[in-house]
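Visitor: After the structure tokens below, expect a handful of questions from me.
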Amino acid sequence: MDTSQMTHIQDEFDVSLETVEDARSLQDLKVRYLGKKGRVTGLMKEMKNLSNEERPAYGQKVNELRRNIEASIEEKSAEIEAAALEERLKNETIDVTLPGRKFNIGSQHPISRIIEDIEDFFIGLGYEIQEGYEVETDYYNFEALNLPKSHPARDMQDTFYISEEILLRTHTSPVQARVLEDRKGKEAVKIICPGKVYRRDSDDATHSHQFTQIEGLVVDKNIHMSDLKGTLELFAKEIFGTEREIRLRPSFFPFTEPSVEVDISCFKCKGAGCNVCKQSGWIEILGAGMVHPNVLRMAGYDPDEYSGFAFGMGPDRVAMLRYGIEDIRHLYTNDLRFINQFKQTEDGGENVESI
Ligand code: DAH
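Below, the structure is given as structure tokens:
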């Protein structure tokens, strides 16, 4: 039996194995020697041409060769894997001494904060929060609120019209009309409606073409002016401090009768007179009144059975008063130097001096 061929194959394999550096070329080498058409497999196929005497010794030799080659491949494979692991560990090393990356933590916008505070207060009194549409129809923004077309009181609110019938809402009051209509003249209503509103004003320190409002509406049987006054008194104490008092002055809104303007006693000078209250001791904070019978009627409520109160206030103004902000435009220009002053402290408190 000539075993020189086998020795030759083994030698050649050994040389090739030396050059193998990765799993892929190792696999190629394996196929070349042990695969279906591999060289060792070829030797095994030769067996059938041998005599019975020659076969066992030959078989033994070929098997030995195959086992050698298999063992070498396995060993190499383990080496390659170990090297790859080593390399990966080296690349993934974390240097725990490196300084961390600094995250910029955002803060709540002062208006959002005020709106949330006001919402919390009214939710505590059992109010629901309702949102309407910023793009409204003339009907809900005006007509359903007792402001028919060409009513002079429409002049109080310079309006961005999109078409004759569609506009950007000038106040959050249309939500009143929509909710009343939805409840079909039967159910009681107790809602507040925060949201953005728009007016065709030239922007200056106290005017912005877009600002925010919170509307409130309570409709039920036996709702009186005293309910309105009690609610707003509690509100003033909650938002502006427990010593605050309120006063109601007669006013006019087409959707309420009677209508009032509501002032709070000045939180800065406590009534003595200062720059915040313009020396009067009082600060105007909202408009309110008893829901006009026409508004109830148009939404399907019987004014002889139901009555209600409504109010509208500006969170922008509350924020300006609370934080001493002198120009409403600061609230809308998103200058980080301004907004960052309202970062909350770790315990959830405020780091700006507030009332
Ligand atoms: N909608 C009024 C405005 O924008 C504010 C207002 C006043 C709302 C009296 C009311 C109210 O609900 O009763 O000027």
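To convert, count from 1 in the sequence shown and add 4; that's my numbering. Every residue, glycine too, gets a C-beta built ideally from N, C-alpha and C.
Taking P262 as the reference, give the member of I268, S269 and P254 with the closest Cα.
Guide: With distances taken between Cα atoms, P262 lies closest to P254.
Visitor: Given that a residue counts as buried once 16 or more other Cβ atoms are within 10 Å of its Cβ, and exposed if not, what is E219?
Guide: Classification of E219: buried, given that the 10 Å Cβ count is 16 or more.
Visitor: Is the CB-CB distance between S304 and D224 below 8 Å?
Guide: First, the amino acid is wrong: residue 304 is Gly here, not Ser. Not in contact: G304 and D224 (Cβ atoms no closer than 8 Å).
Visitor: For the ligand DAH, any of its heavy atoms closer than 7 Å to the Cβ of F259?
Guide: F259: yes, Cβ under 7 Å from the ligand DAH.
Visitor: If you follow the alpha helix (DSSP H) that G128 is part of, which residue opens it and which one closes it?
Guide: P114 to G128 is the span of the alpha helix (DSSP H), which, as asked, contains G128.
Visitor: Could you check whether the Cβ of E219 sits closer than 7 Å to any heavy atom belonging to the ligand DAH?
Guide: Result yes, Cβ under 7 Å from the ligand DAH.
Visitor: Does the ligand DAH have a heavy atom nearer than 7 Å to the CB of F146?
Guide: No, since every heavy atom of the ligand DAH falls outside the 7 Å radius drawn around the Cβ of F146.
Visitor: Within the present structure, is the beta-carbon of H175 separated from the nearest heavy atom of the ligand DAH by less than 7 Å?
Guide: Answer for H175: yes, Cβ within range of the ligand DAH.
Visitor: Are the region 289-303 and the region 231-246 touching, with three or more C-beta to C-beta distances below 8 Å?
Guide: With the cut-off at 8 Å, the region 289-303 and the region 231-246 touch.
Visitor: Can you pull the DSSP bridge partners for P198?
Guide: Answer by DSSP bridge pairing, in chain order: I218.
Visitor: Residue range of the beta strand (DSSP E) that M317 falls in?
Guide: M317 -> beta strand (DSSP E) spans S311 to M317.
Visitor: For the beta strand (DSSP E) containing S255, list its first residue and its last residue.
Guide: S255 -> beta strand (DSSP E) spans I250 to F257.
Visitor: Extract the residue ranges of the alpha helix (DSSP H) inside the region 21-97, only unbroken runs of 4 or more that lie entirely within it.
Guide: As far as the region 21-97 is concerned, its whole alpha helix (DSSP H) runs of at least 4 residues are 27-38, 43-50 and 58-95.
Visitor: Looking at the secondary structure, which residues open and close the beta strand (DSSP E) in which L172 lies?
Guide: I170 to L172 is the span of the beta strand (DSSP E), which, as asked, contains L172.
Visitor: How big is the Cα-Cα spacing for G63 and S20?
Guide: Looking at the two C-alpha atoms, the distance is approximately 24 Å.
Visitor: Which residues mark the beginning and the end of the beta strand (DSSP E) in which A292 is found?
Guide: Unbroken beta strand (DSSP E) run through A292: W286 to V295.
Visitor: How long is the line joining the alpha carbons of T7 and Y37, rounded to whole angstroms?
Guide: If I take the Cα positions, the gap works out to 17 Å.
Visitor: Are the CB atoms of G199 and Q217 nearer to each other than 8 Å?
Guide: It is a contact, given that the beta carbons lie within the stated cut-off.
Visitor: Compute the beta-carbon to beta-carbon distance between Q283 and G277, rounded to the nearest angstrom, for a pair I have assumed lies under 8 Å.
Guide: That pair is a contact at about 4 Å.
Visitor: Using only the alpha-carbon positions, how far apart do A61 and N67 sit?
Guide: Near 10 Å, if we compare the C-alpha coordinates of N67 and A61.
Visitor: So is the beta-carbon of A157 under 7 Å away from any non-hydrogen atom of the ligand DAH?
Guide: No - the ligand DAH has no heavy atom lying nearer than 7 Å to the Cβ of A157.
Visitor: Touching or not, the region 116-123 and the region 154-173, by the rule of three or more beta carbon pairs under 8 Å?
Guide: No: the two stretches stay apart, fewer than three of their Cβ pairs being nearer than 8 Å.
Visitor: What do you reckon, is the C-beta of A314 under 7 Å from a heavy atom of the ligand DAH?
Guide: Yes, the beta carbon of A314 sits closer than 7 Å to at least one heavy atom of the ligand DAH.
Visitor: P178: buried (16+ other C-beta within 10 angstroms of its C-beta) or exposed?
Guide: When all chains shown are included, P178 counts as buried.
Visitor: Is D267 helix, strand or coil by DSSP?
Guide: Of the three classes helix, strand and coil, the one that applies to D267 here is strand, per DSSP.
Visitor: Given this structure, state the Cα-to-Cα distance separating K194 from L335, to the nearest angstrom.
Guide: Near 29 Å, if we compare the C-alpha coordinates of L335 and K194.
Visitor: I need the DSSP call for D231, collapsed to helix, strand or coil.
Guide: D231 falls in the helix class under three-state DSSP.
Visitor: With distance defined between alpha-carbon atoms, name the residue in T174, D331 and P152 nearest to M302.
Guide: Ranking T174, D331 and P152 by Cα distance to M302 puts P152 first.
Visitor: If you count every other CB in all the chains shown that lies within 10 Å of the CB of M324, and 16 or more means buried, which is it?
Guide: When all chains shown are included, M324 counts as buried.
Visitor: Per the contact definition of three or more C-beta pairs closer than 8 Å, is the region 168-185 in contact with the region 132-150?
Guide: Yes, the region 132-150 touches the region 168-185.
Visitor: Per DSSP, which residues does D208 bridge with? Please list them.
Guide: H211.
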